[in-house]
Amino acid sequence: MTENGQNRGYIARDRDRQPDAYTPGYKTSVKRSPQAALLSFPTTLSEETSPVFGHGLIGKLDNDLIHNYAKPGESAIGPRIIVYGRLLDETGRGVPGALLEFWQANAGGRYRHKKEGYIAPLDPNFGGCGRLITGEDGSYEFRTIQPGPYPWPNGPNEWRPAHIHFSVFGHGFAQRLITQMYFEGDPLIPLCPIVGVLKSQQAIDDLTAPLDMNRTLPMDARAYKFDIVLRGRRQTYFENRREGL
Amino acid sequence: MVQKLEYLKESPSQTAGPYVHIGCMPNFSGIEIYGGSDLGRSMKTGPVKGEEITVTGIVHDGMGTPLRDAMIEIWQADAAGLYASANETRGKADPNFTGWGRSPGDPETGEFVFETVKPGRVPFRDGRLMAPHATLWIVARGINIGLQTRMYFEDEAEANAEDPILTRIEHQSRVPTLLARKTGEGAYRFDIHLQGPDETIFFDF
């Protein structure tokens, strides 16, 4: 807004690193992709502001999918895992106070959703959603069970790799992002047309969480690390200087 | 070798998929959790300032078929043109208005609804006022990266005529795709077309 660098907006999205809209291998994208070019503008206040979600929003079990839908004393069935990481922006700063929401299928690959008809059964103790607000350094952590792969009607024999969906708010609406996390070593990753919309092995690797034995809790839960990067805010060296200094 | 530029790269986007509501609107999808209410269903937490309006619309695919599995988010200023955001430095926004809403669309018709207020004007980067508008963000199965657009209002012709973004659009014939139609007292219609002859303008902000 001003010339002295108070507000320089957000770093432009690198569309070469992001999937295109039209990716015919993922069939639904064919009729849901705009054909005209996107219209480019620098961010304004409308994109540089974003809703605020307080820590008060979050219930005690919101980040524990093993228990947040389970009957008292019971827990979800499946491989117990911890997913942790940091929410960063492109300048490497942690993004604190940001809302993360995540959802997934159960251990058998079944989603708790009316439109889902896969024969694998629901787990009565598993809902499949969680949320949290990132800490002061952008860090986060939640507990869940490792989701199973599931079949979907795209090609005649298509199976999604095990994955967890993430919805992420930053500090500006321009940073709004939805993505998916995959698990290290899953042989379905290179076969998947949704993974296939990504343009490079690097992009696939950026969404693949490694097993972290150091963070694994012995006799309890394995751990996977997943860092998420949002668009960076343009800054100048002088940004934090008070006026007159 | 020159010095190294140390930047990270934004995480790649992936589709929200058909079950986005499990994560973002679980109560809507039948999962009773979080005290029974979904985030963003209400943009008002008490009596709000300004003109209260209802915006309805449908997201259509390239065949004209309504999307019945989309999630639409709205982000806008209050009636005075202030954002309920930590980054708002120009004043304090209406404490009873969140500025942010989320609509799943009707499972049968695909129609989304926002009960909101008519936004006030917000300055562009150079200080000129933009016309009243709301930012919309659309995700769904088949959409690989969330689509960003804006909703302006057809009954703000004077402000629209000087809006720094609307006036810079080369194909002026497409501007109406960004205008909500007034359908009654406090009621607006804003349909979105992902593809085809009526294709909505989407932005790369």
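These protein sequences, in sequence, are chains V and R. When the letters of the first sequence are read in order and numbered with our numbering, they come out as residues 30 to 274. When the letters of the second sequence are read in order and numbered with our numbering, they come out as residues 4 to 208. Glycine included, each C-beta is placed from N, C-alpha and C at the ideal position. The model shown is predicted, which means the values in this text are computed figures rather than measured ones.
Residue i at chain V interface by Cβ criterion, 8 angstroms
i              : result
Q198 (chain R) : yes
I56 (chain R)  : no
N210 (chain R) : Residue 210 (chain R) lies beyond the residue range present for chain R, which begins at 4 and ends at 208; the question has no answer from this structure.
I204 (chain R) : yes
Y22 (chain R)  : yes
P15 (chain R)  : yes
L11 (chain R)  : yes
F127 (chain R) : yes
I75 (chain R)  : no
P29 (chain R)  : yes
M4 (chain R)   : no
A162 (chain R) : no
R144 (chain R) : yes
G102 (chain R) : yes
M154 (chain R) : no
A82 (chain R)  : no
D207 (chain R) : yes
N99 (chain R)  : no
D64 (chain R)  : yes
T138 (chain R) : yes
Y191 (chain R) : no
Identity of the residues DSSP links to residue i by a beta bridge
i              : result
C158 (chain V) : V:W132
A183 (chain R) : R:F156
Status (buried if at least 16 other CB within 10 Å, exposed otherwise) for residue i
i              : result
G113 (chain R) : buried
T78 (chain V)  : buried
Q231 (chain V) : exposed
P108 (chain V) : exposed
D249 (chain V) : exposed
D152 (chain V) : buried
R44 (chain V)  : exposed
K7 (chain R)   : exposed
S88 (chain R)  : buried
K121 (chain R) : buried
R93 (chain R)  : exposed
Closest by C-alpha distance to residue i, when choosing among the options
i              : options                           : result
S106 (chain R) : R:R131, R:G65, R:P29 and R:L85    : R:P29
P80 (chain V)  : R:P110, R:Y22 and R:A80           : R:A80
I110 (chain V) : V:P178, V:F171, V:W132 and V:T120 : V:F171
S19 (chain R)  : V:P63, V:F82 and V:F131           : The question names Ser, but residue 19 (chain R) is Ala in the sequence shown. It is V:F131 whose Cα lies nearest to the Cα of A19 (chain R).
P71 (chain V)  : R:R192, R:A162, R:L182 and R:R171 : R:R171
L86 (chain V)  : V:D235, V:A127 and V:Y55          : V:A127
R124 (chain R) : R:G67, R:F156, R:E76 and R:I77    : R:F156
V258 (chain V) : V:D118, V:D235, V:R46 and V:G54   : V:D118
R263 (chain V) : V:P101, V:I233 and V:G121         : V:G121
L206 (chain V) : R:E55, R:V120 and R:N147          : R:N147
G149 (chain R) : V:A149, V:V197, V:N154 and V:V124 : V:V197
Y113 (chain V) : V:G261, V:R251 and V:R260         : V:R251
Residue i at chain R interface by Cβ criterion, 8 angstroms
i              : result
Q264 (chain V) : no
T72 (chain V)  : yes
E170 (chain V) : no
C221 (chain V) : no
W132 (chain V) : yes
S62 (chain V)  : yes
M30 (chain V)  : Here M30 (chain V) scores only 44 on pLDDT, less than 50, and its place in the model should not be relied on; the value that follows carries that caveat. True, the Cβ-Cβ gap to chain R drops below 8 angstroms.
H142 (chain V) : yes
L236 (chain V) : yes
E213 (chain V) : no
I257 (chain V) : yes
V124 (chain V) : no
Contact with chain B by residue i, beta-carbon distance below 8 angstroms
i              : result
K100 (chain V) : Of the chains in the structure shown, none is chain B; the protein chains are V and R.
Heavy atom of the ligand GDP within 7 angstroms of residue i beta-carbon
i              : result
L220 (chain V) : This structure simply doesn't include the ligand GDP, nor any ligand for that matter.
Can you confirm whether the region 217 to 232 of chain V touches the region 198 to 208 of chain V when touching is taken to mean that 3 or more C-beta pairs between the two stretches lie within less than 8 angstroms?
Result no; under three Cβ-Cβ pairs closer than 8 angstroms.
Kindly confirm or deny that the region 180 to 189 of chain V and the region 100 to 107 of chain V touch, where touching means at least three C-beta pairs closer than 8 angstroms.
In short, these stretches do not touch, since the Cβ pair count stays below three.
At least three beta-carbon pairs within less than 8 angstroms, the region 192 to 200 of chain R to the region 137 to 155 of chain R:
Touching, yes, given that three or more Cβ pairs across the two stretches are closer than 8 angstroms.
Any contact of the region 210 to 217 of chain V with the region 140 to 154 of chain V, i.e. 3+ C-beta pairs under 8 angstroms?
Note that the region 210 to 217 of chain V does not touch the region 140 to 154 of chain V; fewer than 3 beta-carbon pairs, one per stretch, sit closer than 8 angstroms.
Any chance the region 96 to 111 of chain R sits against the region 70 to 86 of chain R, with 3 or more Cβ pairs inside 8 angstroms?
Result yes; three or more Cβ-Cβ pairs closer than 8 angstroms.
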